[in-house]
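Trainee: The structure's right below; bear with me while I get my questions together.
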Amino acid sequence: MHVTNACDGVPQIPADSGPGTQSWVSRKFIIWTIGTIIALGLIAAFIILLVKFLPHQHHRPPVLDNDTRPFDRSTSTLEYNYTIALSKALLFFNAQKSGKLPEDNNVAWREDSGLNDGIDDPSFKGNNLVGGYYDSGDAIKFNFPQSFAMTMLSWSVIEYSAKYEAAGELNHIKDIIKWGTDYLLKTFNSSADTIDRVVMQVGVGDTSEGHIRNDHYCWMRPEDIDYHRPVTECHSCSDLAAEMAAALASASIVFKDNKTYSKKLVHGAKTLFKFARDQHGMYSIGTEAANFYNSTSYWDEFAWGGAWMYCATGNNFYLSLAIKMASQAGAFGGGHDYGELSWDNKLAGAQLLLTRLRLFLSPGYSFEEGLKTFHNQTCMYMCSLLPSLKRFNRTQGGLIQLNNGKPQPLQFVVNAAFLATLFSDYLDAADTPGWYCGPNFYPTSLLRTFAKTQIDYVLGRNPRNMSYLVGFGSHYPKQVHHRGASIPNNKVKYSCRGGWKWRDSSDPNPNTIVGAMVGGPDWDDGFRDTRLNYNQTEATIAGNAGLVAALVALPGSNSKLFDIKTMFSAIPPLFPLAPPPPAAWKR
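Per numbering that gives the first Met the number 0, the very first residue in the sequence shown carries number 0; after that it's consecutive.
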């Protein structure tokens, strides 16, 4: 009789078995073993023959270019080359620059523009507001989305500077950020400790009063603008000031090795954040900005800005404020805009920053409960992105609908892809294989899968085989809603209304605005590539910033590729340092 152990299932020989029995068992066991090996060999050979001779059906990604597909051929399967896409996405910021352009701007059809911004405005006392970025396809400079774009770019550099350097783009993106922060420093008295106003906008887009020449009524290259561009200030704009503070604070970490400039950025951020707290209000109320970049709250900017201020200064006051304001911002509400990280809603980003602090810094018992709460909220947000939980609808092609089917979905999608990849890297670096959604445990690989499928959709793996990143592959939007790209750079100056013929033309743009991520498809994966269809064919710096961040985060799955320490470089040690060893005893 055989006795089986309940733990390991190994056959046991009874204690009273004699030598003869053991010999018989041994011979039987050897014969059985040899027969089993032969049988397994025959089965394996049959399977190999079956696989070899049966017809196969190969599934390949969509072809975007007959000869030079934008794929990474170093892998066993054709994957999109995110490094090439990254370089192109960064180039879009070069095309959006205002002011006197550097010689190495690398956009042949762009020239100097906006050289009188601020100077010819008597209400602004002739201050120089030259520089910065045009927000999209017109020539208006909005501080709100521009600040958000700089914050997102800085965040990506802080986390993934090694990847930027490997791609040969680290100096490029730092130049892009500095072009933005240099301009932001001009839009308020950055040398003062206390201010009572900030610039919110240069240029006008309101066309309700008829044929008034401005940045929306006219269709002109920025280089040819000859109409007055007024400056708009705000005196009660907590949302704008806190977002500007976030931009300067995050950039101060990027430029930490340039101590003079970093210190200047920190001082400006402190001044702005104080102004935000002293003058509660939303910048877009009663202004035309409500038609373009309407702000719905300032609590999320307080949380977002406070978290960045803590990282830039190490002052616990900012961390306490960030935790308090995140609750005010509706962290537990799950409202209509839940899941959106955008120029208007920064809550998801703020919560992930607070989660990072808990995972890698542990700033102390007094903050633990609050940080733990937002860590849990971050986990819930990541759960909502998983297709199996069905928190958000998806198109037939697989694009998640974070903005509930409204226009311009891609800006929200790429931001979510960045957050998901970053959280995955955080967990990997913390030696945590996954996270819980209710009672179920999910591996971090699912977050990267989500991010990859969404970014691949943007790059062309979608029902239309359309790359929504201009210049990536060969099938991309040809009629981007963009004044400079749609008008030939032929030394002919077209008047305000003279440029309308280029706006209304059905021909492709004469200038390819490489790297522009357009607004994207509708809820049914549909896309109409016409210049007047601005909801689908216009690109923005706020949207492109999220794409850049996602593209640099995605390649590789090694948590060592992201930087844990740089984010905390300005935070003093939380515990006393060990005293130096005593001096050697001398007689």
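Here a beta-carbon is modelled for each residue, glycine too, at the ideal position from N, C-alpha and C.
#1: So what's T377 in DSSP terms, helix, strand or just coil?
#2: Apply the 10 Å Cβ neighbour rule to N402 and answer buried if 16 or more other Cβ atoms are within range, or exposed otherwise.
#3: Name, in chain order, the residues that DSSP records as bridge partners for P442.
#4: Is the segment 430-439 touching the segment 501-514, taking contact as three or more C-beta pairs under 8 Å?
#5: Identify whether M219 lies in helix, strand or coil by the three-state DSSP scheme.
#6: Rounded to the nearest angstrom, what separates K255 and T565 at their Cα positions?
#7: Inspect the beta-carbon positions of P144 and T539 and report whether they are closer than 9 Å.
#8: Using C-beta distances below 6 Å, list every residue in its chain close to T529, excluding the 5 sequence neighbours before and after it, in chain order.
#9: I'd like to know whether the C-beta atoms of N142 and M243 end up nearer to each other than 9 Å.
#10: Could you tell me whether the Cβ atoms of I322 and L370 are closer together than 9 Å?
#11: Where does L184 land, buried or exposed, given buried means 16+ other C-beta within 10 angstroms?
#12: What are the boundary residues of the alpha helix (DSSP H) that includes M308?
#13: F471 by DSSP, collapsed to three states: which one?
#14: Identify whether F639 lies in helix, strand or coil by the three-state DSSP scheme.
#15: Quick test of the definition: if touching needs 3 or more C-beta pairs under 8 Å, does the segment 218-238 touch the segment 161-180?
#16: Cutting at 8 Å between CB atoms, please list the residues of its own chain near L587, excluding the five before and the five after it.
#17: Which class does R276 belong to by DSSP, given the choice of helix, strand or coil?
#18: CB-CB under 7 Å to D336, same chain, minus the five flanking residues each way: which ones, in chain order?
#19: Between V148 and the rest of its own chain, which residues show a CB-CB distance below 6 Å, the 5 nearest in sequence each way excluded?
#20: Could you check what DSSP says for A165 in three-state terms: helix, strand or coil?
#21: If I follow the unbroken beta strand (DSSP E) through E339, where does it start and stop?
#22: List the endpoints of the continuous beta strand (DSSP E) containing Q410.
#23: Assign E537 to one of three DSSP states: helix, strand, or coil.
#24: Would you decide whether D523 is buried or exposed? Buried here means 16 or more other CB atoms lie within 10 Å of its CB.
#25: Would you check if there are 3 or more beta carbon pairs closer than 8 Å linking the segment 286-298 to the segment 196-211?
#26: Could you give the uninterrupted runs of the alpha helix (DSSP H) lying entirely in the segment 487-535, keeping only those of 4 residues or more?
#27: Taking the alpha-carbon of P509 as reference, which of R109, P101, G98 and N93 has the nearest alpha-carbon?
#28: What did DSSP end up calling K173 once you bin it into helix, strand or coil?
#29: Going by DSSP, what residue range makes up the alpha helix (DSSP H) through V253?
#30: If you follow the alpha helix (DSSP H) that Q200 is in, where does it begin and where does it stop?
#31: Who are C382's beta bridge partners in DSSP?
#32: Within a Cβ cutoff of 6 Å, which residues of the same chain sit near H57, ignoring the five residues on either side of it in sequence?
#33: So T231 is in the beta strand (DSSP E); what residue range does that whole segment cover?
#34: Would you call R527 buried or exposed, if buried means 16 or more other Cβ atoms sit within 10 Å of its Cβ?
#35: Identify, in the order they occur along the chain, each residue of the same chain with its Cβ nearer than 7 Å to the Cβ of N534, setting aside the five sequence neighbours on each side.
#36: Taking 9 Å as the threshold (C-beta atoms), are N115 and N104 in contact?
Mentor: With the structure as the only source:
#1: As a position in the sequence shown, residue 377 is number 378, starting the count at 1. In the structure shown, T377 sits in a helix (DSSP, three-state: H, G or I).
#2: Position 403 of the sequence shown, counting from 1, holds the residue named residue 402. Here N402 is buried, its C-beta having at least 16 other C-beta atoms within 10 Å.
#3: One-based indexing of the sequence shown puts residue 442 at position 443. According to DSSP, P442 shares a beta bridge with G433.
#4: No, because fewer than three Cβ pairs between the segment 430-439 and the segment 501-514 fall closer than 8 Å, the two stretches do not touch.
#5: Taking the sequence shown and counting its residues from 1, the one referred to as residue 219 is at position 220. Three-state result, M219: coil.
#6: As a first step, residue 255 is located in the sequence shown; it is residue number 256 there, counting from the start. As a first step, residue 565 is located in the sequence shown; it is residue number 566 there, counting from the start. Rounded to whole angstroms, K255 to T565 spans 9 Å at the Cα level.
#7: Reading the sequence shown from its first residue, position 145 is the one you call residue 144. Reading the sequence shown from its first residue, position 540 is the one you call residue 539. Yes, these two residues count as a Cβ contact at 9 Å.
#8: Taking the first residue of the sequence shown as 1, we reach residue 529 at position 530. Same-chain partners within the cutoff: Q478.
#9: By one-based count along the sequence shown, residue 142 stands at place 143. By one-based count along the sequence shown, residue 243 stands at place 244. Yes, these two residues count as a Cβ contact at 9 Å.
#10: Translated into the one-based positions of the sequence shown, residue 322 becomes position 323. Translated into the one-based positions of the sequence shown, residue 370 becomes position 371. Yes, these two residues count as a Cβ contact at 9 Å.
#11: Taking the first residue of the sequence shown as position 1, residue 184 is located at position 185. Answer is buried; the Cβ neighbour count reaches 16.
#12: Within the sequence shown, numbered from 1, the residue matching residue 308 stands at position 309. Per DSSP, M308 is one residue of the alpha helix (DSSP H) stretching across W298 to T312.
#13: Position 472 of the sequence shown, counted from the first residue, corresponds to residue 471. Looking at F471 - three-state DSSP - the assignment turns out to be coil, as it is neither helix nor strand.
#14: Because the chain in this structure spans residues 0 to 586, residue 639 falls outside the shown range and cannot be described.
#15: Per the Cβ contact rule, the segment 218-238 is not in contact with the segment 161-180 (fewer than 3 Cβ pairs under 8 Å).
#16: Shown here, the chain extends from 0 to 586; a query on residue 587 therefore has no answer.
#17: In the sequence shown, counting from the first residue as 1, residue 276 sits at position 277. In the three-state reduction of the DSSP assignment, R276 falls in the helix class.
#18: Within the sequence shown, residue 336 is the residue found at index 337, counting from 1. Correct list, in chain order: N344.
#19: The count along the sequence shown starts at 1 and reaches residue 148 at position 149. The sequence as given places Ala at residue 148; Val does not occur at that position. Contacts found: I540, A541 and A544.
#20: For the purposes of this step, residue 165 is identified with residue 166 of the sequence shown, where counting begins at 1. Three-state DSSP puts A165 in a helix.
#21: As a working mapping, residue 339 is identified with position 340 in the sequence shown. No beta strand (DSSP E) contains E339, which DSSP labels as neither H nor E.
#22: Counted from its first residue, the sequence shown places residue 410 at position 411. In this chain, Q410 is not harboured by any beta strand (DSSP E); it is covered by the alpha helix (DSSP H) spanning L409 to A428.
#23: Taking the sequence shown and counting its residues from 1, one reaches residue 537 at position 538. Annotated three-state conformation of E537 is coil, per DSSP.
#24: Locating residue 523 in the sequence shown gives position 524, where the first residue counts as 1. Looking at its Cβ environment, which holds fewer than 16 other Cβ atoms inside 10 Å, D523 is exposed.
#25: At 8 Å Cβ cutoff, the stretches touch.
#26: Counting whole runs of 4 or more residues, the segment 487-535 contains the alpha helix (DSSP H) stretches 499-502.
#27: Along the sequence shown, read from residue 1 onward, the residue named residue 509 stands at position 510. Per the Cα distances, R109.
#28: Translated into positions along the sequence shown, residue 173 becomes position 174. DSSP places K173 in helix when its eight states are reduced to three.
#29: Numbered from 1 along the sequence shown, position 254 holds the residue referred to as residue 253. For V253, the enclosing alpha helix (DSSP H) starts and ends at S237 to V253.
#30: Mapped onto the sequence shown, residue 200 falls at position 201. First-last for Q200: V197 to V201, but that is the beta strand (DSSP E), not the alpha helix (DSSP H).
#31: Numbered from 1 along the sequence shown, position 383 holds the residue referred to as residue 382. Looking at the DSSP output, C382 bridges to nothing.
#32: Within the sequence shown, numbered from 1, the residue matching residue 57 stands at position 58. Bear in mind that a pLDDT of 34 at H57, under 50, signals an unreliable position, so the number given afterwards is only what the model happens to contain. Cβ contact annotation for H57 (same chain, cutoff 6 Å, sequence separation greater than five): none.
#33: Position 232 of the sequence shown, counting from 1, holds the residue named residue 231. It spans V230 to C233 - the beta strand (DSSP E) in which T231 sits, taken as one unbroken run.
#34: In the sequence shown, residue 527 corresponds to position 528, counting from 1. Taking all protein chains shown into account, R527 has fewer than 16 neighbouring C-beta atoms within 10 Å of its C-beta and is therefore exposed.
#35: Against the sequence shown, residue 534 aligns to sequence position 535. So the list reads P406, Q407 and G518, once near-sequence residues are dropped.
#36: Taking the first residue of the sequence shown as 1, we reach residue 104 at position 105. Taking the first residue of the sequence shown as 1, we reach residue 115 at position 116. For N104 and N115, no; Cβs fall outside 9 Å.
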